[in-house]
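What follows is one structure encoded as structure tokens, with my remarks underneath.
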Amino acid sequence: MISKKTFCMLALAAAPSLAALAYAHPPVPGPVGPVPPPPGHMGMMMPPLMGMLRGVDLTKEQRDKIHALMHAHRQDRREAMHQRRDLDTQIGALLLAKGPVDKAKLDGLIKQKEALNAKDEEAMAADAVAIHDVLTPEQLDKARVTQDKLDALEGQIRDLLRPPHVKGAADKDDDDAP
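Below you can see the structure in the form of structure tokens.
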């Protein structure tokens, strides 16, 4: 029977070997094609205010209004999502085709995608305004406080994850610096 002490010493001795073995293997090939949307809402994006609503207590009437608002445009958003996926597939096929890339066709596909994205942004902004109009001033204050806390936490996470060589005066002007 192996004692606990012997087992621990063997495990500590084997750990570097296992790490070296794992490092020696080639990386697992990544997925081919566009990244699939996250699960949950079929890849549809939420309006900006929806994330803040989790911290706000809504009345049943408010929940019903917001629910109706979100589901009113569901089919349009689903169609836009499919159009975006089709455009991504066409762009990918164009970029992976043999020979030179047809830049005119690529530009046309990119412009179509930009127009679709702009239309989505406008729809989300309209939904955010409609949600804003449903909330009371007290609920908006609570949402604002929640958002301020989330922004502060995001800044702390960014600072913690920033590589040491990047920290310093060089990125004080740039809020989005890594």
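If you count by the working numbering, then the sequence shown holds residues -19 to 158, one letter each, in order.
Glycine residues also receive a C-beta, built at the ideal position from the N, C-alpha and C atoms.
Since the structure is predicted, the reported quantities are computational estimates derived from the model, not experimental observations.
Alpha-carbon to alpha-carbon, Ala84 and Val125: The residue you call residue 125 lines up with position 145 of the sequence shown. The residue you call residue 84 lines up with position 104 of the sequence shown. So the two alpha carbons sit approximately 48 Å from each other.
Beta-carbon proximity of Asp100 to Leu49, cut-off 8 Å: For this step, residue 100 is matched to residue 120 along the sequence shown. For this step, residue 49 is matched to residue 69 along the sequence shown. It is not a contact, given that the beta carbons lie outside the stated cut-off.
Nearest neighbour of Ala96, chosen from Lys45, Ala60, Arg54 [CA to CA]: In the sequence shown, residue 96 corresponds to position 116, counting from 1. It should be noted that the sequence gives Leu, not Ala, for residue 96. Taking only the C-alpha atoms, the option nearest Leu96 is Ala60.
DSSP-derived helix/strand/coil call for Val36: Your numbering for residue 36 matches position 56 in the sequence shown. Three-state DSSP puts Val36 in coil, outside helix and strand.
Cβ-heavy atom distance, Leu120 to the ligand GDP, below 7 Å: Judged by which ligands are present, the structure shown has none, so any question about the ligand GDP falls away.
6 Å Cβ shell around His62 - same chain, five flanking residues per side excluded: As a first step, residue 62 is located in the sequence shown; it is residue number 82 there, counting from the start. Nothing meets the Cβ criterion.
Whole-angstrom C-beta distance between Leu115 and Val36, which should lie under 8 Å: Locating residue 36 in the sequence shown gives position 56, counting from the first residue. Locating residue 115 in the sequence shown gives position 135, counting from the first residue. About 7 Å separates the two Cβ atoms, so the contact holds.
C-beta atoms of Leu67 and Lys93 nearer than 8 Å: As a first step, residue 67 is located in the sequence shown; it is residue number 87 there, counting from the start. As a first step, residue 93 is located in the sequence shown; it is residue number 113 there, counting from the start. A contact, by the Cβ cut-off of 8 Å.
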